[in-house]
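Residue numbers (my numbering): 32 to 305. In this text, a Cβ means the ideal position worked out from N, Cα and C, and glycines have one as well. As the structure is a prediction and not an experimental result, all values here were calculated from the model.
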């Protein structure tokens, strides 16, 4: 029971951390929470479906384990987040003044992206939960009932943490939330891109250049340290990055910041001319 509780709680924390940020940053946009929650709920349903099928289908189970599958999901999520960040950086100031009256039709496209980010986040972490729980089920000493009970308790723990985080964030000025959210999501996008490179390098599709630039595992391991886990989820921290991961991480940050600055400059020129 405690093993499944720990697994679901840890992976669930990664899910709710990202979804909470999405909800808090768009709290005053009409219908935004519905889109984001629909994406999250859709991810949960797909994860449950995958779990049900994987129990009796070895192909689905092997597909979930595939590094390529995880890399594709990470790349898609990274691109969606990058596009959303650029939109938020360009529209943040305007929305900070108009959010209370803003209709969902005005921001449907970026909110659809946020919904997909929530969906992909839950599916990615949910797939890992499925694999871990399938491993526990293969152990004859662990009963199915204890796994289910532990999973429910772990999920509840993650949800409670997410709710507390959300109510803490909604009291922050919306303009500041937009700025902080855009910055955090920029690092999140870079971290996902670097993580995808790690998976692709492990199966020989992308060269690592230098397999391990440094190793901070003995001091700051995200598998055993909650602060390191937050750094891993939000900022893409990894204990043993390859040179290619660092290049992709840095390049993603530079591209997003550069595009955001370019869009902002165009908006300022347009505003001055009008």
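Contact check, residue i vs residue j, beta carbons under 9 angstroms
i, j, result
"residue 111", "residue 148", "yes"
"residue 265", "residue 54", "no"
"residue 185", "residue 35", "yes"
"residue 52", "residue 157", "no"
"residue 221", "residue 146", "no"
"residue 40", "residue 189", "yes"
"residue 74", "residue 150", "yes"
"residue 216", "residue 115", "yes"
"residue 98", "residue 231", "yes"
"residue 113", "residue 287", "yes"
"residue 162", "residue 62", "no"
"residue 246", "residue 271", "yes"
"residue 44", "residue 260", "yes"
"residue 269", "residue 254", "no"
"residue 284", "residue 218", "yes"
"residue 223", "residue 67", "no"
Supposed contact pair residue j and residue i - C-beta distance, whole angstroms, cut 8 angstroms
i, j, result
"residue 71", "residue 50", "5 angstroms"
"residue 165", "residue 37", "Incorrect: roughly 16 angstroms between the Cβ atoms, too far for contact."
"residue 282", "residue 229", "No, residue 282 and residue 229 are not in contact; Cβ-Cβ is about 15 angstroms, not under 8 angstroms."
"residue 267", "residue 225", "5 angstroms"
"residue 160", "residue 42", "5 angstroms"
"residue 275", "residue 238", "6 angstroms"
"residue 104", "residue 65", "With 8 angstroms as the limit, residue 104 and residue 65 do not qualify as a contact, their Cβ atoms being about 23 angstroms apart."
"residue 291", "residue 178", "Not confirmed; about 45 angstroms, so no contact."
"residue 69", "residue 153", "That belief does not hold up - the Cβ atoms of residue 69 and residue 153 are roughly 11 angstroms apart, past 8 angstroms."
Simplified DSSP state of residue i, which is helix, strand or coil
i, result
"residue 295", "helix"
"residue 57", "coil"
"residue 115", "helix"
"residue 268", "coil"
"residue 45", "helix"
"residue 62", "coil"
"residue 174", "coil"
"residue 40", "helix"
"residue 109", "helix"
"residue 273", "coil"
"residue 133", "Only weak support is given to the placement of residue 133: the predicted model assigns it a pLDDT of 48, under 50, and the question is left unresolved by the model."
"residue 286", "helix"
Residue-level contact to chain B via CB, residue i, 9 angstroms cutoff
i, result
"residue 224", "No chain B appears in the structure shown, which is made up of a single protein chain."
What ranges does the alpha helix (DSSP H) occupy inside the region 182-257, keeping only unbroken runs of at least 4 residues that lie completely in it? Restricting attention to alpha helix (DSSP H) runs no shorter than 4 residues, the region 182-257 encloses them at 205-233, ordered along the chain.
Any alpha helix (DSSP H) of 4 or more consecutive residues that is wholly inside the region 72-102: The DSSP assignment places 89-96 as complete runs of the alpha helix (DSSP H) inside the region 72-102, in order along the chain (cut-off: 4 residues).
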